[in-house]
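Novice: Read left to right, the sequence shown gives residues 0 to 147 (numbering that gives the first Met the number 0).
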Amino acid sequence: MVVGLTLSTGVALSRRDCGFDSAVPVGLYVRSSLGSLLGFDTWVEVPIEGFANAYVRAYRVFRRARLGITLQELVEATRDCGGILFTYDRGGTYVTSPTRKLEEGDLLVVVAPTERSAVTCVERVNKLFILAERVYTALESRRPPGGE
């Protein structure tokens, strides 16, 4: 049996044309295999043995959910980094709405053909988190004590 690992979550592959008996989306593999084991607010390298050119990093959102970062902002941050970012909600559903904000329990999965490009994607997401945290902190510091 030959299993193909695909970056696509929504595109059906003709397994026979590709020479695979089965095709498994990387994000589905990560979510089902490691989703419940991932710590919160930390990136984890996901080794996928037997597949060259598949470097995967996963991140479970917790504290940073309050920052209001949207999927569109994540997509823009990782554009041209050499990898692909997938987002799953806490129930494991692939998120496609660009206006949806990150929520507690969401899973971010970066898949890239090289380790360097995976690291670049992670660094860009982290920069977005840091910028959003600065804005959030500045807004919170202006809020009157006990006020909304």
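Just so it is clear, CB atoms sit at the ideal spot from N, CA and C, and this is done for glycine as well. Since this is a predicted model, take the numbers as computed values, not measurements.
(1) Sorted by chain position, which residues of the same chain lie with C-beta nearer than 8 Å to Q71's C-beta, five sequence neighbours on each side aside?
(2) If we ignore side chains and look at the alpha-carbon of each, how far apart do V110 and A137 end up?
(3) In terms of residues, what are the limits of the alpha helix (DSSP H) holding Y135?
(4) With DSSP collapsed to three states, give me the class of R89.
(5) Taking the alpha carbon of R59 as the reference point, which residue from D40, E75 and C80 has its own alpha carbon closest?
(6) So, is R115 buried or exposed, given that buried needs 16 or more other C-beta atoms within 10 angstroms?
(7) Please identify the residue among V45, E102 and A57 whose C-alpha is closest to the C-alpha of G67.
(8) At the level of alpha carbons, what is the spacing between S140 and V134?
(9) On the DSSP letters alone, give me the boundaries of the alpha helix (DSSP H) that E72 sits inside.
(10) Leaving out five residues before and five after G82 in sequence, what residues of the same chain have Cβ atoms less than 7 Å from its Cβ?
(11) Give the single residue among E44, L73 and F61 whose Cα lies nearest to the Cα of K126.
(12) Between C80, D88 and A76, which lies nearest to E104 when the distance is taken from Cα to Cα?
(13) Just the Cα atoms here: how many angstroms apart are E75 and L130?
(14) Could you check the C-alpha separation between T69 and D79 for me, to the nearest Å?
(15) Output needed for T113: all residues of its chain with C-beta closer than 8 Å, excluding positions within five of it in sequence on either side, in chain order.
Specialist: Per the coordinate set shown:
(1) Translated into positions along the sequence shown, residue 71 becomes position 72. Counting only Cβ-Cβ distances below 8 Å, and skipping sequence neighbours, we find P97 and T98.
(2) Position 111 of the sequence shown holds residue 110. Position 138 of the sequence shown holds residue 137. Between V110 and A137, the C-alpha separation is close to 33 Å.
(3) The count along the sequence shown starts at 1 and reaches residue 135 at position 136. Its alpha helix (DSSP H) spans residues E114 to R141.
(4) By one-based count along the sequence shown, residue 89 stands at place 90. Correct three-state label for R89: coil.
(5) Translated into positions along the sequence shown, residue 59 becomes position 60. If we check each option's Cα against that of R59, D40 comes out closest.
(6) Taking the sequence shown and counting its residues from 1, the one referred to as residue 115 is at position 116. Classification for R115: exposed.
(7) The residue you call residue 67 lines up with position 68 of the sequence shown. Among V45, E102 and A57, the Cα nearest to that of G67 is on E102.
(8) Taking the first residue of the sequence shown as position 1, residue 140 is located at position 141. Taking the first residue of the sequence shown as position 1, residue 134 is located at position 135. Answer to the nearest angstrom: the Cα atoms are 10 Å apart.
(9) Within the sequence shown, the letter at position 73 stands for residue 72. Taken as a continuous stretch (DSSP letters only), the alpha helix (DSSP H) holding E72 covers L70 to T77.
(10) As a working mapping, residue 82 is identified with position 83 in the sequence shown. Counting only Cβ-Cβ distances below 7 Å, and skipping sequence neighbours, we find V109, V110, A111, S116, A117 and C120.
(11) As a first step, residue 126 is located in the sequence shown; it is residue number 127 there, counting from the start. That would be L73, whose Cα lies nearest to the Cα of K126.
(12) Working through the sequence shown from its first residue, we reach residue 104 at position 105. Residue identity differs from the one stated: residue 104 is Gly in this sequence, not Glu. The residue with the shortest Cα to Cα distance from G104 is D88.
(13) Numbered from 1 along the sequence shown, position 76 holds the residue referred to as residue 75. Numbered from 1 along the sequence shown, position 131 holds the residue referred to as residue 130. Their backbone Cα atoms lie some 14 Å apart in a straight line.
(14) Within the sequence shown, numbered from 1, the residue matching residue 69 stands at position 70. Within the sequence shown, numbered from 1, the residue matching residue 79 stands at position 80. Going by C-alpha positions, T69 is about 18 Å away from D79.
(15) Taking the first residue of the sequence shown as position 1, residue 113 is located at position 114. Result list for T113: N52, Y54 and G81, in chain order.
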